[in-house]
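Working notes for the structure below.
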Amino acid sequence: MISAFTYKSPTTLKDAIASLASEPGKSEVLAGGSDLLALMKDRIATPEVVVNIKSIPNLSGINVAGGKIQIGANTTLTDLIEHAAVKKNLPALVSAARDLGSTQIRNVATVGGNLCQRNRDWYFRNGLNPEVKEELQYSSIFPMEGQVYVHPSTLAPVLIAYGASVTVASGVDAAGKEKTREIPVEKLFQVSDLKGKREVVLAPNEIIVSVNVPVVDGVKAAEIEVRERQSHDWPLVQAAAALTVDASGTITKANVVLGHVAPVPVRASAAEKLLVGKKLDANLATQAGKAASEGAKTTPKNEYKTALVEVAVKRALLGAVGNEYWKGA
Amino acid sequence: MATKTPVSTTINGEPVEFLCEPRQSLLEVLRDTLHLTGAKEGCNNGNCGACTVILNGVAVDSCLVLGVEVEGAEVTTVEGLACRNELHPIQQCFLEDAALQCGICTPGFLVAAKALLDKIPNPTEEQIRFHLAGNICRCTGYDKIVKAVQHAAQEMAK
Ligand SMILES: Cc1cc2nc3c(=O)[nH]c(=O)nc-3n(C[C@H](O)[C@H](O)[C@H](O)COP(=O)(O)OP(=O)(O)OC[C@H]3O[C@@H](n4cnc5c(N)ncnc54)[C@H](O)[C@@H]3O)c2cc1C
Ligand code: FES
Ligand code: FES
Chain S
1 MISAFTYKSP
11 TTLKDAIASL
21 ASEPGKSEVL
31 AGGSDLLALM
41 KDRIATPEVV
51 VNIKSIPNLS
61 GINVAGGKIQ
71 IGANTTLTDL
81 IEHAAVKKNL
91 PALVSAARDL
101 GSTQIRNVAT
111 VGGNLCQRNR
121 DWYFRNGLNP
131 EVKEELQYSS
141 IFPMEGQVYV
151 HPSTLAPVLI
161 AYGASVTVAS
171 GVDAAGKEKT
181 REIPVEKLFQ
191 VSDLKGKREV
201 VLAPNEIIVS
211 VNVPVVDGVK
221 AAEIEVRERQ
231 SHDWPLVQAA
241 AALTVDASGT
251 ITKANVVLGH
261 VAPVPVRASA
271 AEKLLVGKKL
281 DANLATQAGK
291 AASEGAKTTP
301 KNEYKTALVE
311 VAVKRALLGA
321 VGNEYWKGA
Chain X
1001 MATKTPVSTT
1011 INGEPVEFLC
1021 EPRQSLLEVL
1031 RDTLHLTGAK
1041 EGCNNGNCGA
1051 CTVILNGVAV
1061 DSCLVLGVEV
1071 EGAEVTTVEG
1081 LACRNELHPI
1091 QQCFLEDAAL
1101 QCGICTPGFL
1111 VAAKALLDKI
1121 PNPTEEQIRF
1131 HLAGNICRCT
1141 GYDKIVKAVQ
1151 HAAQEMAK
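Protein chains in written order, with our numbering: chain S, 1 to 329; chain X, 1001 to 1158.
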């Protein structure tokens, strides 16, 4: 059974922030609960206070205005994938959210919770049990700061490719109004020490309010996930690509982001450099895939991931421009 | 004993009040406090769908919802499908089409199928497989379940 906690269900953002503790581990935000409750059952999270943010109006729902799509942090993944403007403008985000978990999970899981979910490393999920440290077939091929877990969010690489940011409520000013700060999704993640330092750079009493995705004319995007199973599981490797292509077909800007290969979503800078100024064809996409996997530090158990990165990047790039060659003619 | 919170909700169309600790899941409350044992505990972490209920119109895993969260909500469990002595068409079709063997997954599938047919009355096979992917069955091999849901959709359209 979950260890006992005080439950709060505030109706204002201000009260929610005030209910959260400033030290790590003491309190937790509860959104869809699809990760938090599992962590609490396994005693990986043992908060004294749980703050349900679902009764706060304005934290859910999607607004389209001023060249961007603003997604309330509490918007469920089901509402996200069924939203007309999201389907039209952000097909790669829909693809990532649709492939995630199951209908039951998507009906509760929120966009904010997806970005803040804890990693799925078996060592971490087993309470840092050294006996499970050997299961390395899913681990990072770009280890960072000695950590080999991979970041679990499949929305994050796509949001980074689209150039999205999050608005975060962080405290209350003297006049009693919430203070907010804006963080590019790319800067939201850090390498966790699996203890007090989380996978996100947020303070324990900060709350993501919305995810803001720019809608830019001419951007073509796609994401590819390589999965063992079609549902329930996290991908082995994910590649997200967003390309800006001019009238002549030349790539003027390339965002290529990898998921599930490192403790944070990583930009494939070498691939991006290779792409800019050229016209995309199968050959260039293959080269970009190779560039994306450069510098990988693999073990015999996870070296297969470099081949998956190469193919995922190639397909994401060609898929972005409508060439889904792998689906057959 | 931690303090209990009073919760008022609607379950299977009836107003219900119960007391629960914040740490109890909706599944625990349904089974242990309200004695609605139709929803099953399989994995207790969102992987199997045996605990599926309909919460405010959508299928959820009740093991991943806190009991205190259903204050003011509407919950449908498998007990709410049949009408007196008459089985719901989905239940009838599962029986007729032999869409169950051991039966542990069946309540979850019935409720997930109800949520699906409420939303998409005439789903394609792909839509059925997509929306029931959150429910795991270790006996039937799924084909009979998919056929039973298709059959139920036809019956309900009559
Ligand atoms: C079977 C299964 C398969 C899955 N497969 C995938 C997959 O392929 N890809 C993928 O990305 N995910 C996958 N998931 C994970 C799922 O996406 C997450 O559990 C979900 O998105 C978390 O959202 P939530 O609203 O339920 O968060 P919660 O469980 O409520 O919260 C998760 C964490 O985020 C914090 N938090 C939540 N909202 C905010 C906020 N607004 N501001 C600050 N902190 C916040 C909470 O305090 C908590 O620590 C899977 C989950 C399951 C059970
Ligand atoms: S018991 Fe809830 S999903 Fe398995
Ligand atoms: S009938 Fe046995 S698990 Fe489905």
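Heads up, the beta-carbon is just placed ideally off N, CA and C, and yes, glycines get one too.
task = Check the DSSP bridge columns for S22(S) and list the partner residues they point to.
result = S22(S) pairs with nothing; no bridge assigned.
ask   = With respect to the alpha helix (DSSP H) encompassing K305(S), which residues constitute its N-terminal and C-terminal limits?
value = DSSP places K305(S) inside the alpha helix (DSSP H), whose first and last residues are Y304 to A320.
C-alpha gap between G277(S) and V311(S), whole angstroms = Spanning the two alpha carbons is a distance of roughly 22 Å.
message = I want to see whether chain C comes within less than 8 Å of E1069(X), judged by CB atoms only; does it?
response = Structure shown: chain C not included; protein chains present are S and X.
query = What whole-angstrom Cβ distance do E296(S) and F142(S) have, given they're in contact under 8 Å?
reply = Per the sequence shown, residue 296(S) should be read as Ala rather than Glu. With a Cβ gap of about 6 Å, A296(S) and F142(S) count as contacting.
key: Chain-ordered neighbours of G33(S) on chain X, where CB pairs are closer than 8 Å   = The contacting residues are L1064, V1065, L1066 and E1069.
key: Beta-carbon neighbours of L77(S), restricted to chain X and to distances below 8 Å   = Here the premise fails: no neighbours, minimum Cβ distance about 11 Å.
task = Spatial neighbours of H260(S) within its chain, please: CB distance less than 6 Å, with the 5 preceding and 5 following residues excluded, ordered by chain position.
result = Counting only Cβ-Cβ distances below 6 Å, and skipping sequence neighbours, we find V150, P235, V237 and Q238.
message = Against chain X, does K41(S) count as a neighbour if the rule is that its beta carbon must be under 8 Å from one of theirs?
response = Yes, K41(S) lies at the interface with chain X (some Cβ there is under 8 Å from its Cβ).
Interfacial residues, the region 1123-1152 of chain X to chain S, with Cβ spacing under 7 Å = Only those residues of the region 1123-1152 of chain X whose C-beta falls short of 7 Å from the nearest C-beta of chain S are listed: H1131, A1133 and G1134.
key: Inter-residue Cα distance where the pair is Q230(S) and V172(S)   = Distance between the alpha carbons of Q230(S) and V172(S): 43 Å.
ask   = Any chance the CB of I208(S) is under 7 Å from a heavy atom of ligand 3?
value = Result no, Cβ not under 7 Å from ligand 3.
Nearest residue (CA-CA) to K1119(X), options A1050(X), N1056(X), G1038(X) and V1065(X) = The residue among A1050(X), N1056(X), G1038(X) and V1065(X) with its C-alpha nearest the C-alpha of K1119(X) is N1056(X).
inquiry  = For the alpha helix (DSSP H) containing I160(S), name the first residue and the last one.
reply    = Taken as a continuous stretch (DSSP letters only), the alpha helix (DSSP H) holding I160(S) covers L155 to A161.
key: Q1154(X): CB within 7 Å of a non-hydrogen atom of ligand 3   = Ligand 3 has no heavy atom closer than 7 Å to the beta-carbon of Q1154(X).
message = If contacts are defined as beta-carbon pairs under 8 Å, then A169(S) and L115(S) qualify, I think. What distance do you get, rounded to the angstrom?
response = Incorrect: roughly 15 Å between the Cβ atoms, too far for contact.
inquiry  = Based on DSSP bridge pairs, tell me the residues matched to R181(S).
reply    = R181(S) pairs with V168(S).
query = Could you give the distance in angstroms between the alpha-carbon of K1004(X) and the alpha-carbon of E1017(X)?
reply = Rounded to the nearest angstrom, the two C-alpha atoms are 12 Å apart.
inquiry  = Is T103(S) close to chain X? Criterion is C-beta to C-beta, closer than 8 Å.
reply    = At a cut-off of 8 Å between beta carbons, T103(S) contacts chain X.
ask   = Does the beta-carbon of L1019(X) have 16 or more other beta-carbons within 10 angstroms, so that it is buried, or is it exposed?
value = Taking all protein chains shown into account, L1019(X) has fewer than 16 neighbouring C-beta atoms within 10 Å of its C-beta and is therefore exposed.
key: Burial state of S269(S) (16 or more Cβ within 10 Å)   = The residue in question, S269(S), is exposed, as its Cβ has fewer than 16 Cβ neighbours within 10 Å.
query = Under 7 Å from any heavy atom of ligand 1, does the C-beta of V29(S) make it?
reply = Flag set: Cβ of V29(S) near ligand 1.
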